[in-house]
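Pasting the structure below:
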């Protein structure tokens, strides 16, 4: 059987119809608006309640709190040798406010370095507690025996944490837990004998410690705030205690930060090439998107007001085993009331999903403005690619309560700006240069404030590269 085929076109054959390439010169092209890969969902900007900040500053007034000096301790490394920075000892509660550098240096010089291995027991429950431990690097778990004889995990400590503060003052104290190294690492220890030796030769330190001992501990509530005296359950003409609510003498003020850029558009482009899209409007739209992306980045990472740097140290916890397990999410959730949402990098959310699958759990879903998002215990887990991922494949998970009425986390901005384009964002025409270039100053002002410490929590050092077979 034979099959007829069309003859091959011969070279030099005259063209019989208009080619498609030439026809396109007379056709109207369907175009998209300019696209931009940097644009994300920006859930943080959408979920934060924004508070009007007149005068460019927001002051957070709080009740007076005695529990100060519980921050992390920083170290310097010289090869394999690690030293504590003397002034960083002021992060200890008993040395808070003590600024004699010579004495602090003497204490720092008495700290002894100890390198430990994974699985090593650092302190044993019931043994005499006679020294302070400062963790320079590594992870340490604390475990104790519960009421019914079962072993309970109290905490997981990491770089900059410490334990044994009271051992420096109480000669009769014993360890109430067993501390075990989960990874290899390094810590520095300061014995009570060395501390007393320095204290005996430094009258200023002796006076400071005595003042610390005399702090009115009985006038603190469980949050460390100055307690409000009151009486309850009395009968008859019982004398009622007087009370007042004491405030912090130096409340923190958050000043609005700024992100700015100058948008330049040639007048020829603005005049001749405005169809079907307005070139100036499209340039401005993409510029505003970039500024909003930078705004969200700063709200997460800025060292002055960024949430990662402003989370209270008592609200920073470590994962029990590395990956973000359901137990870790519960630990974050139970440390505060009224949590509105978790915030995590998309890769971290994927790691959370793997742990759910490994535990045979299925994620909840909640509706946020018409979008279905994953949730844990009814609290949505929202993506934010501005949360950094370290070189060793670890990241952080944030959780927060929001709103002024809830004493939560709030965003700060000021509206009613001259030439305002969006709330808190202005676009000002700056003129035309001699090269016929139009310039626009695009500006946005913003910040964030944490009204009380437990409004914001962070799960740090979460391993996101852990895959289960």
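Residue numbers (the numbering used here): 1 to 469.
By construction, the Cβ of each residue, glycine as well, lies at the ideal position given by its N, Cα and C atoms.
DSSP bridge partner residues for residue i (one or two, in chain order)
i	result
residue 140	157, 181
residue 57	255
residue 380	375
residue 50	411
residue 133	163, 189
residue 443	260, 426
residue 342	381, 399
residue 432	438
residue 75	84
residue 366	373
residue 152	144
Beta-carbon proximity list for residue i, same chain, < 6 Å, skipping 5 on both sides
i	result
residue 436	267
residue 425	444
residue 108	84, 86
residue 186	82, 115, 136, 137
residue 253	57, 59
residue 105	86
residue 218	Reliability of the predicted coordinates at residue 218 is poor, the pLDDT of 47 falling under 50, and the value obtained from them is presented with this limitation in mind. Around residue 218: no qualifying Cβ.
Closest Cα partner of residue i within the set the options
i	options	result
residue 311	364, 371, 397	397
residue 169	464, 412, 339, 93	93
residue 423	440, 45, 148, 327	45
residue 81	60, 106, 137	137
residue 158	173, 141, 148	141
residue 212	148, 290, 98	98
residue 262	195, 438, 295	438
residue 145	139, 336, 175, 334	175
residue 36	307, 27, 288, 393	288
residue 360	325, 345, 387	325
residue 408	395, 418, 455, 366	455
residue 184	410, 121, 275, 389	121
residue 154	319, 391, 373	319
residue 143	160, 123, 132, 133	123
residue 300	386, 292, 286, 279	386
residue 205	89, 75, 50	89
residue 281	52, 440, 43	440
residue 448	251, 368, 255, 390	255
residue 420	75, 433, 442, 274	442
residue 389	347, 378, 416, 399	347
residue 333	376, 446, 452	376
residue 55	416, 270, 29	416
Contacting residues, own chain, Cβ-Cβ under 7 Å from residue i (five flanking each side not counted)
i	result
residue 130	167, 191, 192
residue 118	181, 182, 183, 184
residue 165	92, 93, 94, 132
residue 151	143, 145
Cβ-based burial, residue i [other Cβ within 10 Å; buried from 16]
i	result
residue 101	exposed
residue 163	buried
residue 429	exposed
residue 203	exposed
residue 413	buried
residue 328	buried
residue 260	exposed
residue 309	exposed
residue 371	exposed
residue 161	buried
residue 15	exposed
residue 148	exposed
residue 68	Because the pLDDT of residue 68 is 39, which lies under 50, any placement of that residue in the model is unreliable, and the number read from its coordinates should be weighed accordingly. Under this definition residue 68 is an exposed residue.
residue 395	buried
residue 365	exposed
residue 276	exposed
residue 257	buried
residue 331	buried
residue 32	exposed
residue 77	exposed
residue 292	buried
residue 273	exposed
residue 432	exposed
residue 344	buried
residue 48	buried
Below-9 Å beta-carbon distance, residue i vs any chain C residue
i	result
residue 265	No chain C appears in this structure, which consists of one protein chain only.
Residues near residue i in its chain [Cβ-Cβ closer than 8 Å; skip 5 each side]
i	result
residue 323	351, 354, 355, 462, 463, 464, 466
residue 70	Any reading at residue 70 needs caution, since the residue's pLDDT is 46, under 50, leaving its predicted position unreliable; the model's value is listed next. 91, 93, 313, 314.
residue 139	156, 157, 158, 181, 182, 183, 185, 318, 461
residue 110	190, 191, 194, 195, 197, 198
residue 200	206
residue 38	289, 290, 293
residue 178	121, 123, 124, 125, 142, 143, 144
residue 418	426, 428
residue 284	263, 421, 427, 440, 442
residue 19	none
*Evaluate contact between the segment 397 to 406 and the segment 333 to 350, counting only Cβ atoms and requiring at least three cross-stretch pairs below 8 Å.*
When C-beta atoms of the segment 397 to 406 are compared with those of the segment 333 to 350, three or more pairs fall below 8 Å, so the two segments count as touching.
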